[in-house]
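Undergrad: Chains A and B, in that order, give the protein sequences.
The opening residue of the first sequence carries number 1 in my numbering; numbering runs sequentially from there.
The opening residue of the second sequence carries number 333 in my numbering; numbering runs sequentially from there.
We put the beta carbon where it would ideally sit given N, CA and C, even for glycine.
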Amino acid sequence: MNEPKAMKATTYREAVKEAIREAMHRDQRVFLMGEDVGHYGGCYAVSKGLLAEFGPERIRDTPLCESGFVGAGIGAALGGMRPIVEVMTVNFSLLALDQIVNTAATLLHMSGGQFNVPLVIRMATGAGKQLAAQHAHSFEGWYAHIPGLRVLSPATLEDARGMLWTALEDPDPVLIFENNTLYNMEGTLAADAGPVDIEKARVRRPGRDITLITYSASLFKCLEAAEVLAGEGIEAEVIDLRSLRPLDDATYLTSIAKTHRVLIVDEGWRSGGLAAEISARIMERAFYDLDLPVERLCSAEVPIPYARHMEAAALPRVDSIVATIRRMMSHG
Amino acid sequence: MTTPNKERAIRQLRQMLLIRRFEEKSAELYSAMKIRGFLHLYIGEEAVAVGVMSVLTAEDAVVATYREHGQALARGMSAASIMAEMYGKKEGCCLGRGGSMHLFDAATRFYGGNAIVGGGLPLAVGLALADTMQGRPQVTSCFFGDGAVAEGDFHESMNLAALWKLPVLFVCENNLYAMGTALRYTQANQDIAAKAACYGMAAAAVDGMDVMAVEEAAGKAVAHIRQGSGPYLLECRTYRFRPHSMFDTELYRTKAEVDEWKKRDPIEILAGRLVAAGLFSEGERRALEQEVAVEVEAAVAFAEAGTWEPIEDLTRFVTSEGREA
């Protein structure tokens, strides 16, 4: 007899916090370091309460020096620790780009396999909170360009809860991007929820007519759009990439073999972006499966503006996803 | 200066000679196109690496720059593995993937070979943080040039290390030029050791051409660090006798200036002191030179005989073994 699984109500924020707490308990080498993670409780309140639980050595407030503390995280990883470095937001991570790209990503290869960097860097990403052009961009695709990095994009509560531990077990640097519009997302999670794989994309909604490839907060826009279209007899299959590097090509290629139509929804910019990469892979490997050209719905190529209506206009939205799919489907 | 301890001084002299002859040979091999890429010679600055390494233990960590042949040799990495690395051979310390600027060696805790100026400093902070959090009584020594002092990473790392009282020995090799731009054109305050005061960090400046002075100053610094008093900035005032790299026409300094500094050759200062103390004969000098020449020749022979990493291994170690890229 199957007992019904015990579930509990939670939020994305709580799920990330639980993941950090579990990791801290499981492995004494794990510590959290970043701006305002301790006394303030985390810019997005993710680490609220952890300072009291684990103390200032392991919930370590840093000065505002992204290059310095990300580099220190790399050094600590080399020295046998398992640091979780929190960068407040993806725009600020550009101040640490040198350490991430020139050191964390290169060290193992450049040293002939001698020095791996078991470091996890978490950061908030994405637009939708009127944070304007220096707090709201989506640079995940940039990082996914870099060999030597693993880039994760947890959208669901399960992934927010489960990706961190698996990332900490990885011997190499892992970047985890948490979309800031998701922190308040509510839902239920199995009481015994734990680590999840960080390799595979997931079909979040099955469908026969068109494949939507997306990740992060755009997943929920795609799912909502799919519901709208279902009322019109269009069944969209929605794929959550979860890992942006490496990409799980097999999951979306399998879907395309069935649907023959693809729309990629990516909050990053279109030019030279992640959607362009995925589109190219589809051309290379599934060209003859396609009934229509691959299309991309990305953010407008502007710095993300503050005003609510302008910000909304810059981003992929449910209505723009629905309209794009209607147009694509009207071509048969 | 006190009379040198003969055995210790001869060992230091031998290390400095090895660095000097190894690099002279490297320059030749560069012209012969056996070594490519960028090649930055340490010649003139040998006393700094040798003096500092003299006070470190095998458990301590070393972080260096792209001008690191001297640190690598003084740390005890073999001349053969370094030469093979510069040849790009598989027998090199990094399989030939790093070259002159990226020497790494896990066995001696030698963490590069970092070629982004200032980039090694945060790394040293993190290594020291890991030691502290794991209760290991080790020191991380971090070498960098006067050029790095202008980088944000210098100030961020000095602040972090002092804030957290980490066991880092910051060693600034002040050779007066950031590549070809003189310190006076890059620093509002050219007293580098004085910058430590901003962070409440202990510091000293020392004659970087005198290995015994460097050793003594580094010994004091390391004692300070080991007793838990926090990090230390040691500015070693030194000079690079050779161009910045093999592509430098040295428009930015005069031959007279270089010649003036060459009168203070660290090898001759120590050798002269030993001779004056009656501890070192001409014959011993010749024997030492001969020994070093043999080691350098053996390193070259090792590199020449080395093999190329198979091209199929190109993507190896992008990520750790057992994981797809």
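1) Might you give, ordered along the chain, the residues of its own chain that have their beta carbon closer than 6 angstroms to the beta carbon of A:Val-318, omitting 5 neighbours on each side?
2) Could you confirm whether any beta carbon from chain A is found closer than 8 angstroms to the beta carbon of B:Phe-449?
3) Only counting the same chain, and skipping five residues up and downstream in sequence, which positions put a Cβ closer than 6 angstroms to that of A:Cys-43?
4) Go ahead and label A:Leu-189 buried or exposed: buried means 16 or more other beta carbons lie within 10 angstroms of its beta carbon, across all protein chains shown.
5) A:His-340 CB to nearest chain B CB: under 8 angstroms?
6) May I ask which residues mark the beginning and end of the beta strand (DSSP E) holding B:Thr-472?
7) By the three-class DSSP mapping on this structure, what secondary structure does B:Glu-656 have?
8) Per DSSP, B:Gln-504 forms a beta bridge with which residues?
9) Using DSSP's beta-bridge definition, name the partner residues of A:Thr-214.
10) What is the rounded straight-line gap between the Cα of A:Val-262 and the Cα of A:Val-228?
11) From the DSSP secondary-structure annotation, give me the bridge partner or partners of B:Asn-446.
12) What are the residues of the region 35 to 59 of chain A that lie near chain B, defined by any Cβ-Cβ distance shorter than 7 angstroms?
13) Is the region 487 to 502 of chain B touching the region 560 to 567 of chain B in the sense that three or more CB pairs, one from each, lie closer than 8 angstroms?
14) Note the first and the last residue of the continuous alpha helix (DSSP H) segment covering B:Pro-454.
15) Classify A:Asn-184: buried if its beta carbon has 16 or more other beta carbons within 10 angstroms, exposed otherwise.
16) Please name the residue, chosen from A:Val-90, A:His-331 and A:Glu-22, that lies closest to A:Leu-175 on a Cα-to-Cα basis.
17) For a test of the three-state rule: what should DSSP assign to B:Glu-391, helix, strand or coil?
18) Just grab the DSSP bridge partners of A:Asn-179 for me.
19) Could you please give the first and the last residue of the uninterrupted beta strand (DSSP E) stretch that includes A:Glu-232?
20) Kindly list the residues whose CB is nearer than 6 angstroms to the CB of B:Ala-480, restricted to its own chain and excluding five residues on each side of it in sequence; keep chain order.
21) What first and last residue would you give for the alpha helix (DSSP H) that runs through B:Val-384?
22) Based on DSSP bridge pairs, tell me the residues matched to A:Asp-61.
23) Given a cut-off of 8 angstroms on the beta-carbon distance, is the pair B:Ile-351 and B:Gly-408 in contact?
24) Determine the DSSP secondary structure at A:Arg-204, reduced to helix, strand or coil.
25) Let's test the definition: count the other Cβ atoms within 10 Å of the Cβ of A:Lys-5 and tell me whether it reaches 16, buried, or not, exposed.
26) Count the other C-beta atoms from every protein chain shown that fall within 10 angstroms of the C-beta of A:Gly-112, then say buried if there are 16 or more, exposed otherwise.
27) With 9 angstroms as the limit, tell me which residues of the region 616 to 632 of chain B have their beta carbon closer than that to any beta carbon of chain A; keep them in chain order.
28) Quick check on B:Glu-423: buried or exposed, where buried means 16 or more other Cβ atoms within 10 Å of its Cβ?
29) Should A:Ala-104 go down as buried or exposed, given a rule of 16 or more other Cβ atoms within 10 Å for buried?
30) If you draw a straight line from the C-alpha of B:Ala-657 to the C-alpha of A:Glu-295, how long is it?
31) Can you list, in chain order, the residues of the region 458 to 475 of chain B whose Cβ is nearer than 7 angstroms to any Cβ on chain A?
32) Does DSSP put A:Val-322 in a helix, in a strand, or in coil?
33) Strictly below 7 angstroms CB to CB, what residues from chain B border A:Asp-98?
34) Which residues does DSSP list as the beta-bridge partners of B:Asp-539?
35) Hey, is B:Tyr-419's beta-carbon within less than 8 angstroms of any beta-carbon in chain A?
36) Consider the Cβ of B:Val-650: report whether some Cβ of chain A lies at a distance smaller than 8 angstroms.
TA: This is what the structure gives:
1) Lys-221, Glu-224 and Ala-225
2) Here the sequence assigns Val to residue 449 of chain B, which means Phe is not the residue at that position. Answer no: the Cβ-Cβ gap between B:Val-449 and chain A never drops below 8 angstroms.
3) Asp-36 and Met-88
4) buried
5) There is no way to answer for residue 340 of chain A, as the model of chain A reaches only from 1 to 332.
6) 472 to 477
7) For B:Glu-656, the predicted structure reports a pLDDT of 44, less than 50, and the residue's modelled location is therefore unreliable. A value from the coordinates is still provided. Of the three classes helix, strand and coil, the one that applies to B:Glu-656 here is coil, per DSSP.
8) According to the sequence as given, residue 504 of chain B is Cys; it is not Gln. DSSP, once it has assigned bridges, lists B:Phe-476 and B:Glu-567 as partnering B:Cys-504.
9) A:Asp-240
10) 17 angstroms
11) B:Thr-397
12) Glu-57
13) yes
14) 452 to 465
15) exposed
16) A:Val-90
17) coil
18) A:Thr-125
19) Counting along the chain, A:Glu-232 falls outside any beta strand (DSSP E), and DSSP gives it neither H nor E.
20) Val-449, Gly-450 and Phe-486
21) 378 to 385
22) A:Gly-34
23) no
24) strand
25) exposed
26) buried
27) none
28) buried
29) buried
30) Note on B:Ala-657: pLDDT 42, under 50, position unreliable in the model; no value is reported.
31) Gly-458, Leu-459, Leu-461, Ala-462, Asp-463, Met-465 and Gln-466
32) helix
33) Ile-448 and Gly-451
34) B:Arg-569
35) no
36) yes
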